[in-house]
Amino acid sequence: MKILVLNSGSSSLKYQLIDMENETVMAKGNYERIGHGESVLTHKVGDEKHIIEHPVKNHEEAIGIVLEQFTNNEYGVIGVLGEIDAVGHRIVHGGEHFTHSVVVDDNVIEEIKKAAVLAPLHNKAAVLGIEACKKLMPGVPMVTVFDTAFHQTMPKEAYIYPVPYEYYEKYGLRKYGAHGTSHRYVSERAAELLGGNKEETRIVTCHLGQGASLAAVKGGKCLDTSMGLTPLGGIPMGTRSGDMDPAVVKFIMDRENVTVDEVDNILNKKSGAFGISGISPDFRDIEAEAKNGNERAKLALDNYDYLVSQYIARYAVTLSGIDAIVFTAGVGENEPRTRMSICDRLSFLGVKIDEEKNKTRGKEIELSTPDSKIKVYIIPTNEELVIARDTMNLVK
1251 MKILVLNSGS SSLKYQLIDM ENETVMAKGN YERIGHGESV LTHKVGDEKH IIEHPVKNHE
1311 EAIGIVLEQF TNNEYGVIGV LGEIDAVGHR IVHGGEHFTH SVVVDDNVIE EIKKAAVLAP
1371 LHNKAAVLGI EACKKLMPGV PMVTVFDTAF HQTMPKEAYI YPVPYEYYEK YGLRKYGAHG
1431 TSHRYVSERA AELLGGNKEE TRIVTCHLGQ GASLAAVKGG KCLDTSMGLT PLGGIPMGTR
1491 SGDMDPAVVK FIMDRENVTV DEVDNILNKK SGAFGISGIS PDFRDIEAEA KNGNERAKLA
1551 LDNYDYLVSQ YIARYAVTLS GIDAIVFTAG VGENEPRTRM SICDRLSFLG VKIDEEKNKT
1611 RGKEIELSTP DSKIKVYIIP TNEELVIARD TMNLVK
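In short: position in the sequence shown from 1, add 1250, done, that's the working numbering.
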């Protein structure tokens, strides 16, 4: 079975065509600047990269161009489009309605639209992708996989906010989390590596990238996660503030004479490690400046490491202990300094990692020493494979 996995952004389209017989990626790519007049598709087959500069007005046109690449005479990977058996769509927000992946029908599309109030850019784009596939690939079954679904096992005391309860009843105001597909994949893999009774495993997964979140997972179920109603909550990120005193919003509005929307933009796009360092949202740039003696760059990294380690420690309470800590995503998989700094702060819990092994980037490895009381792993995430597996299972 061949599965097309789509991740539709507001002006982008990421995709992978996966052969599920051996779970190999046949082709993948990213269509950028959709609807902006200078659209560019980067299509990859193995180590070959093909750049197609083709302006498209919308996601339907973009998906049409992508489908043409799969059967291209020069570098095509299938003979006809009929070889694609199903399509899996990544959906950022499923609200409280979706607790697992589902086959697409009209009711599902309507519920995704309703949840768009919680993730307007992402969910609306996903619906465009689904509607485009219905037109271009009529009769091909589709499945939606929700980033929030994995976190729906949180107990109510973990996800409810201490504000008037009527806001939860009227608007669904609560913690939802994000990156659930990634947390699910790496926690399942960590449980395999730990062996023993998987139902008793206590794992903290750290998805650390430009966007970042942590999850406390016991027996394969999420008990808590760091992101909240939106991806702004939790630990600081590349440009997002993370948790802070809510009064900061009014303080900035009063002093800077800005609107709520302007503060929202500041907290989402001008804060986090970028806000403190003033350098870049890219941790590699910040680390380079810190090595050159830039104090604000060093402060940004120290703040980040401190708060990530603090979240891991609080999840020891949630899980009644920790069996394993997992690092994944761009920063988690590729930044030895970050991992070492975080683990050093957790030494009081008995966490010890091997300095030589910690030099590893982007590969699965156990970093912990034999005498460490908690296992520590790098596990590269694979959200697309989770989507493809769910799609295959539901379609079958």
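For glycine and all other residues, C-beta sits at the position ideal for the given N, C-alpha and C.
What residue does the alpha helix (DSSP H) around residue 1512 start on, and which one ends it? 1510-1519
Straight-line CA distance for residue 1433 to residue 1572? 16 Å
Contact check, residue 1336 vs residue 1268, beta carbons under 8 Å: no
Any beta strand (DSSP E) of 3 or more consecutive residues that is wholly inside the segment 1439-1498: 1452-1458, 1462-1468 and 1471-1475
Pick from 1428, 1474 and 1329: whose alpha carbon is nearest that of residue 1405? 1474
Rounded to the nearest angstrom, how far is the Cβ of residue 1574 from that of residue 1453, given a contact under 8 Å? 5 Å
Determine, using beta carbons only, whether residue 1596 and residue 1623 come nearer to each other than 8 Å. no
Give the DSSP bridge partners of residue 1266, in chain order. 1255 and 1278
DSSP three-state call for residue 1629: helix, strand or coil? coil
Give me the DSSP bridge partner(s) of residue 1340. 1395
Note down, in chain order, each residue of its chain lying with its Cβ closer than 8 Å to the Cβ of residue 1345, except the 5 sequence neighbours on either side. 1361, 1364, 1365, 1368, 1398, 1422 and 1426
For the 8 Å Cβ check, are there 3 or more pairs between the segment 1483-1498 and the segment 1465-1474? no
Give every residue of the same chain whose Cβ lies closer than 6 Å to the Cβ of residue 1478, excluding the five residues on either side of it in the sequence, and list them in chain order. 1425
Alpha carbon of residue 1523 to alpha carbon of residue 1530, nearest angstrom: 8 Å
Start and end residues, alpha helix (DSSP H) containing residue 1372: 1370-1386
Across which residues does DSSP place residue 1541 in a beta bridge pair? In the DSSP output, where bridge partners are listed per residue, residue 1541 has none listed.
Under 8 Å between C-beta atoms of residue 1256 and residue 1347: no
Alpha carbon to alpha carbon, what distance is there between residue 1282 and residue 1551? 30 Å
To test your reading of the DSSP string, which unbroken alpha helix (DSSP H) runs of 4 or more residues are found completely within the segment 1398-1428? 1406-1409 and 1415-1421
If we count the other Cβ atoms within 10 Å of its Cβ and call it buried at 16 or more, is residue 1484 buried or exposed? buried
For residue 1292, does the three-state DSSP call read helix, strand or coil? strand
Use the C-beta contact count for residue 1329: other C-beta atoms within 10 angstroms, 16 or more gives buried, fewer gives exposed. exposed
Tell whether a beta-carbon distance below 8 Å holds between residue 1521 and residue 1489. yes
Can residue 1578 and residue 1455 be called in contact, C-beta distance under 8 Å? yes
Drop a sphere of 10 angstroms on the beta-carbon of residue 1570, count the other beta-carbons inside from all chains shown, and report buried for 16 or more, exposed for fewer. exposed
Is it buried or exposed, residue 1589, if we count other Cβ atoms within 10 angstroms and call 16 or more buried? buried
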